[in-house]
Amino acid sequence: MRQRKVKNEEEKLAALVHRTIENPTAMKGNWPKPCYLEMGCGKGQFIASLAKMDPEGFYIGCEGIGSVVLRAMEMIEAMDLPNVKFIADYINAPEEYFAPGELSAIYLNFSDPWPKARHAKRRLTHRDFLLAYSRILKKGGLLEIKTDNDDLFAFTLEELEESPFRILEMTRDLHNTDLPARLVTTQYEDKFRAAGKNINYCKAIID
Numbered sequence: 026m027r028q029r030k031v032k033n034e035e036e037k038l039a040a041l042v043h044r045t046i047e048n049p050t051a052m053k054g055n056w057p058k059p060c061y062l063e064m065g066c067g068k069g070q071f072i073a074s075l076a077k078m079d080p081e082g083f084y085i086g087c088e089g090i091g092s093v094v095l096r097a098m099e100m101i102e103a104m105d106l107p108n109v110k111f112i113a114d115y116i117n118a119p120e121e122y123f124a125p126g127e128l129s130a131i132y133l134n135f136s137d138p139w140p141k142a143r144h145a146k147r148r149l150t151h152r153d154f155l156l157a158y159s160r161i162l163k164k165g166g167l168l169e170i171k172t173d174n175d176d177l178f179a180f181t182l183e184e185l186e187e188s189p190f191r192i193l194e195m196t197r198d199l200h201n202t203d204l205p206a207r208l209v210t211t212q213y214e215d216k217f218r219a220a221g222k223n224i225n226y227c228k229a230i231i232d
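Numbering (our numbering), first residue to last: 26 to 232.
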């Protein structure tokens, strides 16, 4: 879905520049610990909830659409959460941003499914991305995935089988389980759940 440009978007983003990391690759090896990354944070509901529950953790939201990351930054500003910062761009090469073992968890929530076969390598759960995640996560680090797209989820499970990750939890209908992941949601998740759509979920670990 194409996002509408927000009126005075550039000015509003500039006013919230303190919520962004302007040169994130320069932070490689020096991120605060424990550090958590949400790839594609949308309008910020998920990362805001985690950061509020865990004030000692440092949370990074990555989002490449200006109008969307603006809404996320506005939410964090309103909640006055000092432990959240944003990378206002797409991350295509995670190892350029994070050193080996630097992250405690990575969250992939409702990522672009890139449905055409020729675009498979762009999917954030392609094995090339999974290998990169396995390197920047610490031992015992977690990868958590939510999606409403059943085909993407099937692809993801196949890719995980060929990766260094070990699956801990998996369901094709998260909100009909008692898994803790159902308690922290995204805006998309709330919308899909209200419409009766199943939410696929997987948690995997680096041993």
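C-beta: ideal position from N, C-alpha, C; glycine also.
- Assignment of Ser74 by DSSP, reduced to helix, strand and coil, places it in the helix class.
- Per DSSP, the unbroken beta strand (DSSP E) holding Glu194 starts and ends at Arg191 to Thr196.
- Going by C-alpha positions, Asn134 is about 18 Å away from Ala157.
- The beta carbon of Gly89 lies closer than 7 Å to those of Asp114 and Tyr115 in the same chain, with the five residues before and after it left out.
- Within the DSSP bridge table, the entry for Thr202 names no partner.
- Between Thr172 and Asn225, the beta carbon gap of about 5 Å places them in contact (Cβ cut-off 8 Å).
- If you look at Thr181, you'll find it in the alpha helix (DSSP H) that goes Asp175 to Glu186.
- The stretch 123 to 133 makes contact with the stretch 59 to 77; the number of CB pairs closer than 8 Å reaches 3 or more.
- The beta carbon of Leu185 lies closer than 8 Å to those of Thr150, Leu155, Ile192, Cys227 and Ala229 in the same chain, with the five residues before and after it left out.
- If you check the CB distance, Gly86 and Phe111 come in under 7 Å.
- The C-beta separation of Thr202 from Thr196 comes to about 5 Å, placing the pair in contact by the 8 Å criterion.
- Ranked by how close their Cα comes to the Cα of Ile46, the residues Tyr122, Glu34 and Asn117 have Tyr122 in first place.
- Beyond the five residues adjoining it in sequence on each side, Leu38 comes within less than 7 Å, by CB distance, of Gly91 and Leu95 in the same chain, given in chain order.
- A direct Cα-Cα distance of roughly 11 Å separates His144 from Asp137.
- Straight-line measurement puts the Cα of Asn174 at about 14 Å from the Cα of Ala220.
- With 16 or more neighbouring CB atoms inside 10 Å of its own CB, Leu75 falls in the buried class.
- Counting of Cβ neighbours within 10 angstroms places Leu208 among the exposed residues, the total staying below 16.
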